[in-house]
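Reviewing the structure listed below.
Numbering (the working numbering), first residue to last: 77 to 186.
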């Protein structure tokens, strides 16, 4: 897991920051989606863009569960799996969402 390491002051001060630490279960995707919707609404993002962001984050998290951990059952049967961590950061003009996992990676075809 690569953590942000920048010590530069942000040119966009953070107005909202939420970190979710969740088990790799599909049932938690609803909580993640709602967090994205809430932060989007606070930022003044249009409903259309908010729905697009919600779908992208939902798909990314579902892909982590399915492909990085080999599915919900495999993830939950492994007592050492750290689950998902999602950071949602909002400033006055943008939202940054980071998704961290420690599942299996893969190599792209070259």
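Beta carbons: idealized from backbone N, C-alpha and C, even for Gly.
Same chain, Cβ closer than 8 Å to residue i, five either side skipped, listed in chain order
{"i": "residue 117", "result": "126"}
{"i": "residue 140", "result": "100, 160, 175, 177 and 179"}
{"i": "residue 109", "result": "130, 133 and 134"}
{"i": "residue 173", "result": "112, 129, 133, 162, 163, 164 and 165"}
{"i": "residue 102", "result": "138, 141 and 148"}
{"i": "residue 115", "result": "92, 94, 164, 166 and 171"}
Close-in-space but distant-in-sequence residues of the same chain around residue i (CB under 6 Å, 5 per side omitted)
{"i": "residue 80", "result": "In this prediction, residue 80 scores a pLDDT of 46, lower than 50, which makes its location untrustworthy; the coordinate-derived value is nonetheless stated afterwards. Contacts found: none."}
{"i": "residue 98", "result": "104, 159 and 160"}
Residue interval of the beta strand (DSSP E) (run including residue i)
{"i": "residue 176", "result": "171-176"}
{"i": "residue 165", "result": "160-167"}
Opening and closing residue of the alpha helix (DSSP H) in which residue i lies
{"i": "residue 190", "result": "Past the boundaries of the shown model lies residue 190; the chain is included only from 77 to 186, so the question cannot be answered."}
{"i": "residue 115", "result": "105-119"}
Burial state of residue i, where buried means 16 or more other Cβ atoms lie within 10 Å
{"i": "residue 107", "result": "exposed"}
Spatial neighbours of residue i in its chain, beta-carbon cut-off 7 Å, leaving aside the 5 residues before and after
{"i": "residue 119", "result": "166 and 171"}
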